[in-house]
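Note that our numbering numbers the sequence shown so that position 54 is 56, with each residue one more than the last. Take a look at the structure set out below.
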Amino acid sequence: MSLALNAIGLKKNYEGIPVVNGISFDIKPGECVGILGPNGAGKTTTIKMIYGQVIPTAGELLVLGLNTKKDITQIRSRIGVVPQEDCLDTDFSALENLLLFARYHNMDSDLAHAQAEHLLAEMKLSEFKHKQVEALSGGMKRRLAIARALIHKPQFILMDEPTTGLDPQARLWIWNYFERLKANNTTLVLTTHYMEEAERLCDRIIMIDHGVILDQGTAKELIERHIGLEVIELSVGSEKGYWLSKVEQAGLKFQEYEEKLFIFFETSELKQSFIGNIQNTHYYVRSANLNDVFLKLAGYQIREKS
């Protein structure tokens, strides 16, 4: 079976500084893969290299069996892209935006109209189809950008933070729609800061930071490998030194952040044994999740977008 995407030693430097630093990965047809990492990790640059907006400094990139160096026009005709910025034409209506994009793909007029109406209905935008884009809310614009990426029924869809700006109801609706695309064997690649989104949609997750791959696998594999089964959040305050020594003596994995310790347990028995030592200290027990993996691998420092 041929791959939907094959990246080998992919690099991108800006003014000599590596933003993407020699990453290699592949994606199977019909797979949903999440590329996760903090701001500045190299996620958006990787997405832009896949659809040809950014030219790699080095490495090879094949999309649907086509080389991005030689076949980018063919690649663009077969993929859909939801960029981080919506880039909609504010002078046109929602419907006109979709029809304009359909013309870029040389779609038959009747087919384009039918597909546009279908997508507007799917994105709950039918009643707003004649409104100019500038009159739409931020969430509506985001849904329209998703519809635009799908107008030509692509086999492969790239999405850079596709549900940012959507309310919880709209986000849930979009997740359901993406799951239907997956069921139809559409390949999806997305970046997101919503760990719940990645856990729900992605067959596989690639964690990157500083332009390199930190780890990859299913959400379950990553959680088991880096965290375990359960987490205790322990509020230690001025007793951090005491609790650090306790945790280290027990040979447990942990992360510290300000006045808290996040202690990771591979079994419920280990957790219960540790809880027996906690007195007069506030703690919270929960299941391990992908957010724990993200923070463990990428750290707790807040990073702003450049």
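Just so you know, even glycine gets a beta-carbon here, dropped at the ideal spot from N, CA and C.
Out of the options, state which residue places its alpha-carbon closest to the alpha-carbon of residue i.
{"i": "HIS195", "options": "LEU297, LYS30, LYS13, GLU250", "result": "LEU297"}
{"i": "ASN282", "options": "TRP245, ILE159, ILE265", "result": "TRP245"}
{"i": "ILE224", "options": "HIS154, LYS71, ASN8, LEU292", "result": "The sequence given here places Leu at residue 224; Ile does not occur at that position. Comparing Cα-Cα distances from LEU224 to each of HIS154, LYS71, ASN8, LEU292, the minimum goes to LEU292."}
{"i": "SER4", "options": "GLY82, GLN251, GLU198, LYS30", "result": "LYS30"}
{"i": "SER14", "options": "LYS242, VAL238, VAL22", "result": "Strictly speaking, residue 14 in this sequence is Lys, with Ser absent from that position. Ranking LYS242, VAL238, VAL22 by Cα distance to LYS14 puts VAL22 first."}
{"i": "TRP177", "options": "ASN187, GLU258, GLU199", "result": "GLU199"}
{"i": "SER240", "options": "ILE81, GLU250, GLU261", "result": "GLU261"}
{"i": "LYS71", "options": "ILE57, VAL84, MET197, LYS242", "result": "ILE57"}
{"i": "GLY11", "options": "LEU190, THR48, THR220, GLU258", "result": "THR48"}
{"i": "LEU121", "options": "LEU203, LEU160, LEU7, PHE180", "result": "PHE180"}
{"i": "GLN157", "options": "GLU17, GLU250, CYS34", "result": "CYS34"}
{"i": "THR188", "options": "ILE81, ILE77, LYS255", "result": "ILE81"}
{"i": "VAL83", "options": "MET125, LEU160, GLN171, THR75", "result": "LEU160"}
{"i": "ASP294", "options": "GLN257, PHE276, ILE277", "result": "GLN257"}
{"i": "ALA6", "options": "LEU190, LYS248, SER111", "result": "LEU190"}
{"i": "ASN8", "options": "GLY18, ASP110, PHE27, PRO20", "result": "PHE27"}
{"i": "LEU183", "options": "ARG206, SER128, GLU124", "result": "GLU124"}
Over the uninterrupted beta strand (DSSP E) stretch that includes residue i, give me the two end residues.
{"i": "GLN218", "result": "214-219"}
{"i": "ASP211", "result": "206-211"}
{"i": "TYR286", "result": "285-289"}
{"i": "ASN279", "result": "Unbroken run through ASN279: none, as it is neither H nor E."}
{"i": "ALA9", "result": "7-16"}
{"i": "GLN257", "result": "255-259"}
{"i": "GLY61", "result": "60-65"}
{"i": "GLY24", "result": "19-29"}
{"i": "SER79", "result": "SER79 -> not in any beta strand (DSSP E); alpha helix (DSSP H) instead, spanning 74-80."}
{"i": "ILE52", "result": "Not the beta strand (DSSP E): ILE52 falls in the alpha helix (DSSP H), residues 45-52."}
{"i": "MET161", "result": "158-162"}
{"i": "GLY36", "result": "34-38"}
{"i": "ILE265", "result": "262-267"}
Measuring only between beta-carbons, confirm whether residue i sits less than 9 Å from chain C.
{"i": "GLU261", "result": "Absent from the structure: chain C. Only one protein chain is present."}
In its own chain, which residues sit with a C-beta less than 6 Å from the C-beta of residue i, not counting the 5 before and 5 after it?
{"i": "THR193", "result": "ILE37, LYS45, ASP162, GLU163"}
{"i": "GLY140", "result": "GLY167"}
{"i": "LEU299", "result": "MET209, LEU216"}
{"i": "ILE77", "result": "VAL65, LEU68"}
{"i": "LYS255", "result": "PHE266"}
{"i": "VAL287", "result": "ILE234"}
{"i": "HIS132", "result": "SER95"}
{"i": "GLU201", "result": "ALA221, LEU292"}
{"i": "PRO20", "result": "GLY213"}
Here's the rule: buried if 16 or more other CB atoms are within 10 angstroms of the residue's CB, otherwise exposed. What is residue i?
{"i": "THR269", "result": "exposed"}
{"i": "ARG173", "result": "buried"}
{"i": "ASP211", "result": "buried"}
{"i": "ASP169", "result": "exposed"}
{"i": "ASN99", "result": "buried"}
{"i": "LYS273", "result": "buried"}
{"i": "VAL117", "result": "The sequence shown places Gln at residue 117, rather than the Val named in the question. Buried, because 16 or more other Cβ atoms sit within 10 Å of the Cβ of GLN117."}
{"i": "ILE309", "result": "With the chain represented from 3 up to 308, any question about residue 309 goes unanswered, as that position is not in the structure."}
{"i": "LEU203", "result": "buried"}
{"i": "GLY213", "result": "buried"}
{"i": "ALA96", "result": "buried"}
{"i": "THR92", "result": "exposed"}
{"i": "THR75", "result": "exposed"}
{"i": "ILE277", "result": "exposed"}
At which residues does the alpha helix (DSSP H) containing residue i begin and terminate?
{"i": "LEU90", "result": "That residue, LEU90, is in no alpha helix (DSSP H); it is neither H nor E in DSSP."}
{"i": "GLU250", "result": "242-251"}
{"i": "PHE103", "result": "96-106"}
{"i": "ASP294", "result": "292-300"}
{"i": "GLU232", "result": "Per DSSP, GLU232 belongs to no alpha helix (DSSP H); it is in the beta strand (DSSP E), 232-237."}
{"i": "LEU190", "result": "Unbroken run through LEU190 is the beta strand (DSSP E), 189-193; no alpha helix (DSSP H)."}
Tell me which residues share the same chain as residue i and place their Cβ nearer than 7 Å to its Cβ, disregarding the 5 neighbours each side in the sequence.
{"i": "ALA290", "result": "ILE225, ILE229, GLY230, LEU231, GLU232, VAL233, PHE266"}
{"i": "PHE103", "result": "ARG150, ILE153"}
{"i": "HIS284", "result": "SER237"}
{"i": "MET109", "result": "HIS154"}
Which same chain residues end up closer than 8 Å to residue i when comparing Cβ atoms and leaving out the 5 residues on each side of it in sequence?
{"i": "SER79", "result": "HIS107, HIS154"}
{"i": "ARG105", "result": "ALA114"}
{"i": "GLN251", "result": "none"}
Does the Cβ of residue i lie closer than 8 Å to at least one heavy atom of the ligand COA?
{"i": "SER4", "result": "Looking for the ligand COA in the displayed structure turns up nothing, as the structure carries no ligands at all."}
Problem set entry | Three or more C-beta pairs below 8 Å linking the region 62-76 and the region 34-42 | no
Exercise. Taking three-plus beta-carbon pairs below 8 Å as touching, is the region 74-91 in contact with the region 145-159?
Worked result: Touching, yes.
Exercise. Three or more C-beta pairs closer than 8 Å, one from the region 224-233 and one from the region 52-59: is that the case here?
Worked result: Flag = no, the region 224-233 and the region 52-59 do not touch.
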